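Numbering (my numbering), first residue to last: 1167 to 1766. All residues carry an ideal CB built from backbone N, CA and C; glycine is no exception. Treat the numbers as computed from the prediction; the structure is a model and nothing was measured.
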Amino acid sequence: MTENKYKRNFCIVAHIDHGKSTLSDRLIQKAKIIDDRQMKNQILDNMDIERERGITIKSQAVTIPYHAKDGHDYELNFVDTPGHVDFSYEVSRAIASCEGALLLVDASQGVESQTVSNLYMAMEHDLEIVPVINKIDLPSADIPTVKKEIDHDLGLDSEDAVLVSAKTGEGVDDLLEAIVTKFPAPQGDPKAPAQALIFDCHYDEYRGVVIHIRMMEGTIKTGDTIRFMSSNEDYKVEKIGVFKIKYEETGILEAGDVGYIIAGVKTVSDVRVGDTVTLAENPAPAPLAGFKEVKPVVFSSIYPMDSNDYEELKDAMEKLKLNDASLVYEKDNSIALGNGFRCGFLGLLHLEIIQERLERDYDQAVIFTAPSVRYQVTLTNGEVITVDNPTEFPEGRVKEAKEPYIKASIITPSEYIGSIMQLCTEKRGMQTNMQYLDEKRVELTYEMPLAEVLFDFYDKLKSYSRGYASFDYEVIDLRQTDLVKVDVLLNSKPVDALSFLAFRPEAVDRARQVCERLKGEIARQQFKVAIQGAIGSQIIARETVNPVRKDVLAKCYGGDITRKRKLLEKQKEGKKRMKMVGNVELPQSAFLAVLKEKED
């Protein structure tokens, strides 16, 4: 094994769409670890859903050999990370396994909100940061301005910035040299007791759980017995090696390496991301500091379309949890939909991705209830509880309720300020700051309720600013709110899966929307169906589905009006009796229609 000084561990971080995956393609192509026939775009994005949406969801590691100008052969381990705010937890784990970070900035877009927050995350882990200006081949590239922004907004030295075009491959050689010369070699003693950080893992049908590790100290070989420090479970290493797109077995990993272990771990719940792996016969004295506990902000319940599929859904959730450590869930059940899970997500995109992965990777047909945030409720007897599920809301016993507020920073070209400020005000936002970053761009800072951001905020922001505004947020605190629970009734019976919590002044509008959408989905019955929105016993919205009727007057031509009236009255009586015994079945499509936000 070579000494550590010929290894480099680094990750690529950037705002969405600044070209991280394309740049990793070029680095892999330069190293020729796969031949040109197998090369395809976004080679590290191996989920269909990543390729379709053009976003990275999972961070992926790969080891590439590089022959530097100083004549030595280097091993470069790098991790491609997601750019979207909902997957910042993935980024934080990738960063923990590196010593350096390439911070990509788009030559035409400049520094955006996520660029800044990723920079701070890398600084917290004391990484060496090299700014890279990408997309210099674009006609709209404005390198001098971007250099100014790197100096001014990020506080990095723009002289160090490497200019590349990931699409054409221009400047990639200079970048590889910069990686070798500017990033420090990993520290660690191969002879010390083994300590390895689990920064990711996934489930493979044939091999069981594949654990992705970064070796901090010591050495692990094939045949060794390893121990997970959080659970004290022991396993025997069957295979060990590095990622070169496919698994390449090396038989040994030592301090400074990034690679994988396959140790016949069958059950998904045994492995925890952030745990420390050590050797059973010579364990490390203490575990490594893992990752900070992830705090979900959006909650929703998942139910199988067919209640017999509950066990399959349970297995699928376990496997997903292994691959996505930020997913939090517990059992839940509903009168209308049967058994399911109450889940916590980091944001709405995260929720959408989980939904698609359940449907695609695990063939599950599922229904998600309307997303909500976690409220803190003080009861009249002084007890404080948290509520994220409308069915648990203690009606009539609430003294006060608090909801989570976020600090949102929006960076936008100055011509769109008006409409964006109006949008934030509609969403109960309070402006706390506004500063011009340069002649064209403004940063707006707002404090607003998280619940308002859950629905259509992001889409509206993008459409008002023609896609130019970027948005980043952090949860700051809980503030008092006027919270009510809105029930949806069908023929005076509440449907628990459709109830939701809302801010009182907006409750009527939301209830009206739900009733309108349900009216379009429920088939006409033999009797009149009333769809109502209610707060407690007060009805705040109503729609009616008219009954189908037979034309009982068809055979009455001419003659006395009383004959017609008698027939109509008789029909009316029949409908009334029917309504007393009739039940309305809600089709599954009705749930889905209500949960899809109204298209403007």
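In the DSSP assignment, the residues bridged to THR1647 are ALA1567.
Here the region 1603-1622 makes contact with the region 1579-1595; the two share three or more CB pairs at distances below 8 Å. In terms of CA proximity to ASP1366, THR1442 leads the group SER1187, TYR1571, ASP1239, THR1442.
When DSSP states are grouped into helix, strand and coil, CYS1177 belongs to the strand group. GLU1294 sits exposed, since fewer than 16 C-beta atoms from the chains shown fall within 10 Å of its C-beta. For ARG1690, the number of other beta carbons within 10 angstroms of its own is below 16, and it is reported as exposed. Excluding sequence positions up to five before and after LEU1545, its CB lies within less than 8 Å of the CB of ILE1551, PRO1560, ARG1563, VAL1564, LYS1565, all in the same chain and listed in chain order. Rounded to the nearest angstrom, the Cβ distance from LEU1655 to ALA1707 is 10 Å, too far for a contact under 8 Å.
Here CYS1722 is exposed, its C-beta having fewer than 16 other C-beta atoms within 10 Å.
In its chain, beyond the 5 residues on either side, PHE1176, CYS1177, VAL1179, ILE1261, ALA1288, LEU1293, ILE1295 have a beta carbon closer than 7 Å to the beta carbon of ALA1267.
Note that the C-beta distance between SER1466 and PRO1556 is not below 7 Å. Between ALA1358 and GLU1383, the C-beta gap is smaller than 7 Å, which places the two residues in contact.
Per DSSP, the unbroken alpha helix (DSSP H) holding CYS1590 starts and ends at 1583-1592.
The DSSP-derived three-state label of LEU1545 is strand. In this structure, GLU1420 lies away from THR1391, with their beta-carbon atoms at least 7 Å apart.
The continuous alpha helix (DSSP H) containing ASP1317 extends over residues 1309-1318.
Along the region 1283-1362, the alpha helix (DSSP H) occurs as fully enclosed runs of 4 or more residues at 1309-1318, 1338-1348, listed in sequence order. In the structure shown, TYR1602 falls within a strand segment according to DSSP collapsed to helix, strand and coil.
A check of alpha carbon separations from GLN1737 across GLY1724, ILE1727, GLY1725, VAL1718 identifies VAL1718 as the nearest. In this structure, SER1636 and HIS1184 do not form a Cβ contact; the two beta carbons are roughly 11 Å apart against a cut-off of 8 Å. The C-beta of SER1397 has fewer than 16 other C-beta atoms within 10 Å across all chains shown, which makes the residue exposed. Ranked by Cα distance from GLN1646, the first of PHE1693, PRO1570, SER1703, ALA1663 is PRO1570.
Looking at the DSSP output, SER1466 sits in a beta bridge with CYS1509. Counted as a single uninterrupted DSSP element, the alpha helix (DSSP H) harbouring VAL1680 occupies residues 1670-1687. GLU1496: member of the beta strand (DSSP E) spanning 1494-1500, first to last residue. Here the region 1423-1431 lies against the region 1373-1381, with 3 or more beta-carbon pairs under 8 Å apart. DSSP places PHE1623 in the helix class (H, G or I) of the three-state scheme. Annotated as proximal: TYR1639 and ALA1574, with beta-carbon spacing under 7 Å.
Looking at the DSSP output, ASN1243 sits in a beta bridge with ASN1175, THR1229. Sixteen is the threshold: since fewer than 16 other Cβ atoms of the shown chains lie within 10 Å of the Cβ of SER1703, the residue is exposed.
Three or more beta-carbon pairs drawn from the region 1477-1496 and the region 1523-1533 are found closer than 8 Å, and the two stretches are therefore classed as touching. 7 Å or more divides the Cβ of THR1444 from the Cβ of GLY1417.
The beta carbon of HIS1233 is closer than 8 Å to those of ASP1239, TYR1240 in its chain, skipping five residues each way along the sequence. Taking a C-beta distance under 7 Å as the contact criterion, GLU1399 and ASP1436 qualify as a contact pair. Rounded to whole angstroms, the separation of the alpha carbons of GLU1325 and SER1500 is 60 Å.
According to DSSP, GLY1276 shares a beta bridge with ASP1272.
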